[in-house]
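Chains as they are written, first to last, in the numbering used here: chain A, 367 to 476; chain B, 59 to 170.
Every residue, glycine too, gets a C-beta built ideally from N, C-alpha and C.
Taking it in order: structure first as structure tokens, then the write-up.
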Amino acid sequence: RKEVEQDPGPFNVPEGATVAFNCTYSNSASQSFFWYRQDCRKEPKLLMSVYSSGNEDGRFTAQLNRASQYISLLIRDSKLSDSATYLCVVNSGNTGKLIFGQGTTLQVKP
Amino acid sequence: DVKVTQSSRYLVKRTGEKVFLECVQDMDHENMFWYRQDPGLGLRLIYFSYDVKMKEKGDIPEGYSVSREKKERFSLILESASTNQTSMYLCASSPLPKDTQYFGPGTRLTVL
């Protein structure tokens, strides 16, 4: 079983739609959680950290469910510029290593 | 702004050549990482370093070595390049071990 699992998609949505991605992780000792965004042929960039209480940044909302060991990302009012691959990232237990999911691809259509 | 730079964006080498990939960060970060990214496999950790002259194997260290002589610089070495090392190589740095990692632009290496 992979340490971090995501549905690869692609998710094809119209502009203005709300879309949600989920990610599950296997190590219950994980403490740090992130969503990264990666554009085609570019490096991953931090979108947002995920906190236990949930957090919001503009149109983006991240949630953490420790009991079920999953993380979610909600994007409201999708823009064409949101088209990218979204990587779920979790630290590997007590080590400093981050484990990256394979990513979920989002295509926002006009 | 954190800046992580990598020596080359594109590199073409021949089988058996020794290849050096350089990474430099300007934020005085203790931790530096080398990954490779392949379609369908995601990012896989090759080596990482928590301090100068210190290195730890990641998940796929075979065929690679690293060097960290200065805090800001972390080099990845392919002693004898092989075609299965054709990949996108990404360097990252972070201030703390479990903290956000900042990536360089990547080096797309092709081994012929």
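- Around the beta carbon of Leu79/B, 16 or more other beta carbons sit within 10 angstroms, so the residue counts as buried.
- For the options Tyr436/A, Lys463/A, Thr384/A, the alpha carbon positioned closest to that of Asp448/A is the one of Thr384/A.
- Look at the beta carbons and you see the region 437–453 of chain A not touching the region 128–146 of chain B: under three pairs across the two are nearer than 8 Å.
- At least one C-beta of chain B is nearer than 9 Å to the C-beta of Glu409/A.
- Beta-bridge partners of Asn431/A (DSSP): Tyr436/A.
- Relative to the Cα of Ala395/A, the nearest Cα in the group Glu371/A, Gln435/A, Ala428/A belongs to Gln435/A.
- The Cβ-Cβ distance between Leu167/B and Lys71/B falls below 9 Å.
- With a threshold of 16 other beta carbon atoms within 10 Å, Arg432/A falls short and is exposed.
- Among the bridge pairs identified by DSSP, Gly100/B is matched with Asp96/B.
- Interface annotation, Pro153/B: not in contact with chain A, CB-CB separation never under 9 Å.
- Contact check between the region 144–158 of chain B and the region 398–412 of chain A: three or more CB pairs, one atom from each, fall below 8 Å, which counts as touching.
- Residues of chain B whose Cβ lies closer than 7 Å to the Cβ of Leu412/A are, in chain order, Thr158.
- Chain B has a Cβ within less than 9 Å of the Cβ of Gly469/A.
- A distance below 7 Å between beta-carbons, with the five flanking residues on each side excluded, links Thr158/B to the following residues of its chain, in chain order: Ser152.
- Identification of chain A residues near Tyr108/B by a Cβ-Cβ cut-off of 8 Å yields Gly462, ordered along the chain.
- Within the region 110–130 of chain B, contact with chain A at the beta-carbon level (separation under 8 Å) is assigned to Gly116.
- Assignment of Thr390/A by DSSP, reduced to helix, strand and coil, places it in the strand class.
- Taking CB atoms only, Phe466/A has a neighbour in chain B less than 9 Å away.
- Residues are counted here when their Cβ sits less than 7 Å from a Cβ of chain B; for the region 390–401 of chain A these are Gln397, Ser398, Phe400, given in chain order.
- By alpha-carbon distance to Tyr402/A, the top candidate from Pro476/A, Leu446/A, Ile465/A is Ile465/A.
- For Ala450/A, the beta-bridge partners assigned by DSSP are Leu472/A.
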